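Residue numbers (this note's numbering), protein chains in the order written: chain A, 666 to 1328; chain B, 54 to 385.
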Ligand SMILES: Cc1cc2nc3c(=O)[nH]c(=O)nc-3n(C[C@H](O)[C@H](O)[C@H](O)COP(=O)(O)OP(=O)(O)OC[C@H]3O[C@@H](n4cnc5c(N)ncnc54)[C@H](O)[C@@H]3O)c2cc1C
Ligand code: SF4
Ligand code: SF4
C-alpha cells in the first residue's frame, strides 16, 4: 500500500517562470503570482526570469527550507523539458520529488495565444488546477531495473556495422541480425562515395570483415527478429534464421561450387545488381560479401524444384560437405539488455511517377541501378553500357524523384543532390558524355559538399534548374529520349535529347517498417521513419527505454551522419550497460487486488503487454517493470480497480475541477 | 422493558418495489421487526406527517427512504426525516442514484408535463390543463407540490448516512446491510452497504469469459437464443456486470438476462455509464470508424442502457437546460 497522503494544509510554493520573454511577453507574470498567492494552501508565490537557472533553483530550495514548504508548483515550460530538473530541485530541497507539479505555461499558454489578458486568465486556471492537484500527491519512489550487457543490433548496413564494432570493441557482446545473405547494406552497392569519392568497398569491406572475425560479435545473416518480449535491460528476443542450404562453418568460400553448378550460364536476375546482371542458383551476392559463404536460392535451384539435379555443386564441395539441402529454418532466443535498430531505407519506386517512363523506356534508370553500372564489380564491370548495348553520349539526371513533391513524399531525402552530383562525375569520367542535372534547389549543406558541387560544375556538367515534367522518346526517331523541363533560370521550356536518364529516387522507410515498429513497440513519424524520442535532444533514443536508432531507419541521411548516429546509439547503449541499472519513473499502474472482479477487460488492452490474468486468484496483475504508465487500462477498468501513481482519479478530478472553477 | 428502537420507512419518487422488498423479507427480518418499533411507513401503516413533526429531533434510530427527489414535498419530507432520524438511509436505486425516474433528466419539466398530461395517447385533456402549484376551480383552491426540472438523489438533497443499493435491493443485500448496521461498529458515513467489487466477481459465468474478448456488435436479449453458461458479453449482450457493484449474487444473470446495472458503480467510480462505455469501446473489434459506428448503432438506447439507474448521480447529471430555466445546481 502506498503511504498515507499528506494533503498538506498550506505549505505550497508556486513559482511562475518568465522564460525570458517566452512567457512573460504574453502572460502577465506579476498578476499570476499575485493570484497564486491567494489560492488556498499557497504559502508563497514568486516569479523569476529563468526558474531553471541555478539561482532560480536555489530560490525554490531555500523556500522549501525556510518556509517549510510541503509542495512545489512550477509554472514554466513543458514538463518534457524541465520536469526532471524541478523534481530534483524539490528533492534537493528535502521533499519527495513527486510532491511537485509542473504547469506548462509556455506551450499551453503563452506560445499559443496573442491576447495577453486572456492568456493571463488561462494561466490562472492552469495554476489553480495544479495547486489543487498537488495537495493530493503521494510520495513515490523510482525503481531500479538491472541491465543485461548484451546488445542486439538489427540490420547490418553501415549503421549496424559501425555500432556493432564500437560496442564489441568496448567489450560488450553484440548479436547482429541481418536479413540478407550478407551485411553491408546499400553502401556495399556503391562504387564511390561523395564527397570525397572514396572507394566504397575499400572503406567498407575491412569493417565487414572485422565484424565477422570479432570474438564479441555473433553475426546472424538471413535472419529476422520475430518477437520482442521483456523490457529495458531484460529483453527476450526471438530470431528466425532462414536456411542458407550451405553450412557456414564448413564452407571455406572457395566458390568452386558456383563454377560447378549444372547451370553453365548464370540465368537468374541478380538482386544485388539491381537485376542488371545474372547469377546462378548457388551464388555469393558480391565478391567481398560477409560471411564469405555461398547461398542457394531454392526458387531457381533444380534440386529444390525437381529433386533430380546431378548436384555437381555437392560433388565439387566433396569432403568439405558444406552443402546441405536439408537445412531447416531455426529459431533462437537470446537475452539482451539494449537494442539498436539499424534497418535502413528503401528507395522510392520510380514507376509511381509514370511520366518519367521508368519501366517503360529501357534507358531510364534509377540512381541505385547506375551505382551498380559504374561499379567495377558490377554487371558491366564498371562500364556504362545501356540496356540496348549503346554507350550514352548524353545523360540526364533528375533530382528529387519522389522527394519534395506533394504527390509522393513532401520531405527532402537529403542525399539525392549529392549522389546525383557523384553520378554526374562518374558518368562523365567513364563516358565523356554530356551530363545534364535537372534540380529544383541544389542542396549541398555538408562538409566538402559545396566544393564538390563546384568541382562537378567545373568538369562541365550542365545544371538546369527546373522540375522535369515529361520524358518521352524523341519523335525524330533516333533512339533519344526527350527530357522536358521549364528552366526557371532562363524562363523557357527546354527539351533536351539524351540517351540515358537517371532518376535520383528518394529514400523511403522500409516496406515492413510498420511491422517492425510494432514488434519493437516504437512509434513512426508521419513519413513512416522510426520516431526518435526528441528531434534535438534525444535523436537516437526512442520512446521505448533501451531501444535506440541508427542510420536511415530514423530518416534519410548520408554515410557520415549514419556513422555518427551509429556511434551515438552505441554510446547510449554503453551508458546504460556501464551503470548497470536504469531508474524507472514510478507512474505505473497497479491492480487493486482485493476489489478487481477479474472481468478481464484490461488484459488485451495494454500496448506493452504488461497485464496478465492470474488464474489462481482470478484477478488481473500488472508487471510494474513493463508498465509505461500510459493509463489505457486505468481508463478501461469498469470497476475502477486499477490505480495509477500520480494519476489517481482523485488527483485528476481535483485538477479538472480546479481548471473549471472560475475564479 | 426498555424502549424498542424506532424505525421509519418513506417513499419518494419510486415505483413501490422497494417497500415490497421489505415486506418480502418476511421471515428473514421477523426478528428485526420484533426488535424495533416502526413509527412511520405510509405505504403500510397509518401515520401522518404531523406525527413525525411531533417527534423530538433524532427520535428515530433509522429511516429508510426509497425513491428519488423530484417534488418540493419530497424535498421537505427528506429534510424533516433527516432531522428526526439518527441515521438516514437511502434505500434502493432511485434514492441512491436517481433510478429509473432519474431518466427524466433527459428531458425538461415542460416536455414531461406535455407528454404525460397532453400528448400520451390515452389522455383526454382538451383544455390542456397542466398541474400547477396552485389550482383554482370554482372558487376552491388546491395546492400541489412543486415539480422540479431535475430529479435528484436523496444524497443530493440531504445528508445521507448509508446507501443500500439495488432496484430493488435484494433480500440478501438488505439482510447483510441490516447486520452491518446492528453489528456494532458502523462503517464510515456515506458507505454503500454492499461489497465494493464488480458483479463479475460473483458471477457464475465468470470463468467462461475469455481474456481477449472482442465485440463486433451488440444484441438485445430478444434477438438471440442465450446460452445459459457463457458470459453474456461474449454472446454480444450488453451486460453491465463489469461496471456494477456486486452483492446481489447476479439474480438477473442467473435468470439468463444481462445485468442492467441497478447497484450502481463501485466506490472508486464516479460515472458508471462512462466507465462501461470506455471499457466496451476499448473491446470493440474494429478500429475503423465506419465499422465502429455500425457496432455502436446496435445499442438503440445508449443513455437508457448505460445510465438506466444513475443519470442524476452521474457526471452528466442531466441534459442541458435552456439557460432561462436553469435551476441552481444542487450537487456538491
Ligand atoms: C543511390 C544512392 C547513393 C548514395 N550514395 C551515397 C554516397 O555516395 N555517400 C554517402 O554518404 N551516402 C550515400 N547514400 C546514402 C547511404 O546509402 C546511406 O546513408 C546509408 O546506406 C545508410 O546506412 P544504413 O545502415 O542506415 O542503411 P542500409 O544501408 O539501408 O542498411 C540497412 C540494413 O538493414 C537490413 N535490414 C533491413 N530490415 C531488416 C530487418 N527487419 N531485419 C534484419 N535486417 C534488416 C538490410 O538488409 C540492410 O542490410 C546513397 C544513397 C543512395 C540511395
Ligand atoms: S498503464 Fe498502460 S502500460 Fe501500464 S499496465 Fe496499464 S495499459 Fe499497460
Ligand atoms: S478491468 Fe479491472 S476488474 Fe477487470 S480484470 Fe482488469 S483490473 Fe480487474
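We put the beta carbon where it would ideally sit given N, CA and C, even for glycine. Computed from a predicted structure; not experimentally measured.
8 Å Cβ shell around residue 885 of chain A - same chain, five flanking residues per side excluded
840, 841, 842, 843, 904, 906 and 997
Does the Cβ of residue 325 of chain B lie closer than 6 Å to at least one heavy atom of ligand 1?
no
Give a yes or no on whether the minimum CB-CB distance between residue 387 of chain B and chain A is below 7 Å.
Nothing can be reported for residue 387 of chain B: it is not among the residues displayed for chain B, which extend from 54 to 385.
Identify the residues that DSSP records as bridge partners of residue 64 of chain B: which are they?
B:119
Bounding residues of the beta strand (DSSP E) (the contiguous stretch that carries residue 901 of chain A)
899-906
Say whether chain A places a C-beta atom closer than 7 Å to the C-beta of residue 226 of chain B.
no
Spatial neighbours of residue 259 of chain B within its chain, please: C-beta separation below 8 Å, excluding the five flanking residues on both sides.
253 and 284
Cβ atoms of residue 1320 of chain A and residue 798 of chain A: under 7 Å apart, would you say?
yes
Boundaries (first-last residue) of the beta strand (DSSP E) holding residue 200 of chain B
200-205
Pull up the distance between the alpha-carbon of residue 182 of chain B and that of residue 189 of chain B, whole angstroms please.
12 Å
Sequence-distant residues of its chain with Cβ nearer than 7 Å to residue 323 of chain B (five each side left out):
368
Can you tell me whether residue 98 of chain B is buried or exposed, with buried defined as 16 or more other CB within 10 angstroms of its CB?
exposed
Within the segment 822-875 of chain A, ranges of the beta strand (DSSP E) (whole runs, at least 3 residues):
839-842
Below 8 Å, how does it come out for the segment 755-770 of chain A and the segment 800-814 of chain A: are there three or more Cβ pairs, yes or no?
yes
State the beta-bridge partners of residue 711 of chain A as determined by DSSP.
A:680
Please say whether residue 919 of chain A and residue 1380 of chain A have beta carbons closer to each other than 7 Å?
Because residue 1380 of chain A is not part of the residues shown, which for chain A are 666 to 1328, the question remains open.
Taking DSSP's pairing of strands, which residues face residue 1330 of chain A in a bridge?
Nothing in the structure corresponds to residue 1330 of chain A, since chain A is present only between 666 and 1328.
Count the other CB atoms, across all protein chains shown, that sit within 10 Å of the CB of residue 269 of chain B; report buried if there are 16 or more and exposed otherwise.
exposed
The segment 1299-1319 of chain A: positions lying closer than 9 Å to chain B by Cβ
1300, 1301, 1302, 1303, 1304, 1305, 1306, 1308, 1314 and 1318
Which one of A:1233, A:1148, A:937 and A:1075 has the shortest CA to CA distance from residue 848 of chain A?
A:937
Hey, which unbroken runs of the beta strand (DSSP E) at 3 residues or more fall wholly within the segment 983-1016 of chain A?
995-1001, 1003-1006 and 1010-1012
What are the boundary residues of the alpha helix (DSSP H) that residue 360 of chain B is part of?
No alpha helix (DSSP H) contains residue 360 of chain B, which DSSP labels as neither H nor E.
Does residue 319 of chain B come within less than 7 Å of chain A when only Cβ atoms are used?
yes
What residue range does the beta strand (DSSP E) around residue 1102 of chain A cover?
1099-1104
Answer yes or no: do residue 1003 of chain A and residue 1196 of chain A have a C-beta to C-beta separation smaller than 7 Å?
no
Beta-carbon gap between residue 66 of chain B and residue 120 of chain B smaller than 7 Å
yes
Residue 823 of chain A: beta carbon under 6 Å from a heavy atom of ligand 1?
yes
Return the residues of the segment 1237-1269 of chain A that lie within a Cβ-Cβ distance of less than 7 Å from chain E, sorted by chain order.
Absence of chain E from the displayed structure is noted, the protein chains being A and B.
Got a sec: is the Cβ-Cβ distance from residue 367 of chain B to anything in chain A below 7 Å?
no
Using a Cβ-Cβ cut-off of 7 Å, state whether residue 146 of chain B counts as contacting chain A.
no
From A:1109, A:1028, A:1137 and A:1087, residue whose alpha carbon lies closest to that of residue 1079 of chain A
A:1109
If we ignore side chains and look at the alpha-carbon of each, how far apart do residue 1012 of chain A and residue 1278 of chain A end up?
44 Å
Determine the DSSP secondary structure at residue 1184 of chain A, reduced to helix, strand or coil.
helix
Would you give the residue range spanned by the beta strand (DSSP E) that residue 265 of chain B belongs to?
Looking at the DSSP string, residue 265 of chain B is not in any beta strand (DSSP E), and its letter there is neither H nor E.
Where do the N-terminal and C-terminal ends of the alpha helix (DSSP H) with residue 1168 of chain A fall, by residue?
Counting along the chain, residue 1168 of chain A falls outside any alpha helix (DSSP H), though it belongs to the beta strand (DSSP E) covering 1165-1170.
Straight-line gap, residue 689 of chain A to residue 695 of chain A (C-alpha atoms, nearest Å)
9 Å
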